[in-house]
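Residue numbers for the sequence shown follow the numbering used here, beginning at 516 and rising by one. Before any comments, here is the structure.
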Amino acid sequence: MPEGEPSVVVRTLECGMTLCVEPMPGVRTVAVNWLLPAGHATDPVNDMGCSAMLAELIQRGAGQLDSKQFSDALDRVGEQRAVSSGASHIVFSGLSLGDRLFSSLELVASMIRDPRMPEDALPAVQSLALQNLESLNDDPQHLVGLRLRHRHMPEPFNRTGFGEAGAIKAAMIEPLRDAWHARARPVGSIFAAAGAVDADELARELDRLLKGWRGTGLSPEPASTRIGGSRHDIDESNQTHVAMAFDAPTEGDPDAVTARLATDVLGSGTSSRLFVEVRERRGLCYSVAAGYAGGLHRGMVTVYAGSTPERAQATLDCILDITTKFEQGVTEDELRRAKTGLECRLIMAGESTTSRASGIAGDFHRLGRCRSLREIAAEVSSHSLERVNDFIARRMGAQWRSTMTLCSIGRQALDVKGAISSGPSEVIASRRGATCEAVV
């Protein structure tokens, strides 16, 4: 990590919103991540897709500016931007030159507090949402991952964010406007900035722009149960997509970094156990990987493999065998490669204002504080082989494997050979070519 790395400044603004700022000397740009507590986990059960439509609708003009005028104004100040809907938040992401930040914030704050959300924009917004939903029929790898999340995670954090066609078609402008103003509140929002920015100046400007903004956003809690089990969708294609999930530490768990390193050894990169054994040695699949995601309430290790119908069962059997043997631990060489890979990713993140803004926003949401890259790197470096293998023995053994959820798409359902201990097992007829009313 760079010498003299600045710490992250965290404070609460007058409106109650959290501000996180990481100045980065030597850069000219500043990236912002504005998290608003209006993600798809806050959608009512009969209104799935509301958050996705809001993320698009709030960009259609703000204050006295119509949609084109608003977009042109942001272009004039050189603001690169995107708005997306996640589980907990709708996120505005922006990137601009440091000396133009306040000019862009004037416009962005207007979009958050006073979006026009014109009624004549609703049909186009609905059409985009429906197209995104229907496009999943042509992306089975993405679809199998969404279905895996739906079964493995508890409500409302198992939602896909794409919504349901019926609710999208029935949407009306006034309820959407009401939903935005009810959910987009300062308490529960997080504003993160990284790059060529002064924390004190930014705090003063945001206090000015957000004067009078009040209220507390929604903070959904996970249900105590989940679906689990397995699901296979019959699809007469030449590919079979297999995805499985296991419980893992949350981001706030002391074992979170250890879990990330262990998962990297298991299935991240071309030297991982899954890649070497399943793809390289046995040639059973064209793609295989594992990943760790530590959330606020639940963590998850996922494994994905793309194979052919003829080799899909052998692919699954091989993966299950490798996860079983993994409880025996990793080697010094494997751990060294995993640590080097993670440290390289940290160095790359340190050169990107966008990555750092996203990182500190996510940290505050999941941990209640922001870590510097130096702190994360020190935690990675401190891991010994004994520490990692102790974690694997404690938290990646038979009990861990019993938490598995499996989803697949292909010609034939796969035999899990008793690996799944709870939850229903379903085989669903193909709907390829039909309108996708819902992801799940």
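Cβ atoms here follow ideal geometry from the backbone N, Cα and C, with glycine treated the same way. From a predicted model like this one, the values you see are computed outputs, not experimental measurements.
Quick one: what's residue i bridged to in DSSP?
i, result
"residue 548", "608, 707"
"residue 921", "745, 759"
"residue 580", "577"
"residue 740", "Beta-bridge pairing links residue 740 to no other residue."
Which first and last residues belong to the alpha helix (DSSP H) in which residue i is found?
i, result
"residue 852", "847-865"
"residue 558", "No alpha helix (DSSP H) contains residue 558, which DSSP labels as neither H nor E."
"residue 658", "655-667"
"residue 779", "771-782"
"residue 868", "868-882"
"residue 630", "No alpha helix (DSSP H) holds residue 630; DSSP gives it neither H nor E."
"residue 906", "900-910"
"residue 833", "827-840"
"residue 680", "680-684"
"residue 895", "888-896"
"residue 728", "Neither: residue 728 is in no alpha helix (DSSP H) and is coded neither H nor E."
"residue 913", "913-916"
Identify whether residue i lies in helix, strand or coil by the three-state DSSP scheme.
i, result
"residue 812", "coil"
"residue 574", "coil"
"residue 821", "strand"
"residue 927", "coil"
"residue 691", "helix"
"residue 756", "strand"
"residue 595", "strand"
"residue 764", "coil"
"residue 943", "strand"
"residue 565", "helix"
"residue 934", "coil"
"residue 1002", "Outside the shown range of the chain, which is 516 to 955, sits residue 1002, and nothing can be said about it."
"residue 950", "Confidence in residue 950 is poor, its pLDDT being 41 and thus under 50, which makes the residue's placement unreliable; the coordinate value appears in the next sentence. Residue 950 falls in the coil class under three-state DSSP."
"residue 517", "In this prediction, residue 517 scores a pLDDT of 48, lower than 50, which makes its location untrustworthy; no coordinate-derived value is stated."
"residue 697", "helix"
"residue 804", "strand"
"residue 712", "coil"
"residue 791", "helix"
"residue 702", "strand"
"residue 651", "helix"
"residue 530", "coil"
"residue 671", "coil"
"residue 543", "coil"
"residue 797", "coil"
"residue 638", "helix"
"residue 585", "helix"
"residue 645", "helix"
Give the range of the beta strand (DSSP E) segment to which residue i is assigned.
i, result
"residue 534", "533-538"
"residue 527", "524-527"
"residue 748", "745-749"
Is the beta carbon of residue j closer than 8 Å to that of residue i?
i, j, result
"residue 760", "residue 814", "no"
"residue 771", "residue 817", "no"
"residue 524", "residue 616", "no"
"residue 789", "residue 808", "no"
"residue 551", "residue 605", "yes"
"residue 577", "residue 622", "yes"
"residue 922", "residue 663", "yes"
"residue 857", "residue 776", "yes"
"residue 841", "residue 907", "yes"
"residue 610", "residue 567", "no"
"residue 830", "residue 793", "yes"
"residue 783", "residue 799", "no"
"residue 824", "residue 926", "yes"
"residue 929", "residue 747", "yes"
"residue 541", "residue 682", "no"
"residue 900", "residue 847", "yes"
Any heavy atom of the ligand FAD within a distance shorter than 7 Å of the CB on residue i?
i, result
"residue 606", "By its list of ligands, the structure shown contains no ligand whatsoever, and the ligand FAD lies outside what it can speak to."
Within the chosen definition, does the segment 660-669 reach the segment 731-748 through at least 3 CB pairs nearer than 8 Å?
With three or more CB-CB distances shorter than 8 Å, the segment 660-669 counts as touching the segment 731-748.
Three Cβ pairs or more, each shorter than 8 Å: is that satisfied between the segment 871-883 and the segment 766-783?
The segment 871-883, when compared against the segment 766-783, does touch it at the 8 Å Cβ threshold.
For the segment 729-739 against the segment 904-923, are there 3 or more C-beta pairs whose distance is under 8 Å?
Two segments are said to touch when three or more pairs of C-beta atoms, one from each, lie closer than 8 Å; by this definition the segment 729-739 does not touch the segment 904-923.
Kindly confirm or deny that the segment 599-618 and the segment 641-655 touch, where touching means at least three C-beta pairs closer than 8 Å.
Contact between the segment 599-618 and the segment 641-655 is absent: fewer than three C-beta pairs spanning the two stretches fall below 8 Å.
With three or more beta-carbon pairs closer than 8 Å as the criterion, would you say the segment 630-648 touches the segment 571-590?
Contact holds: three or more Cβ-Cβ distances are below 8 Å.
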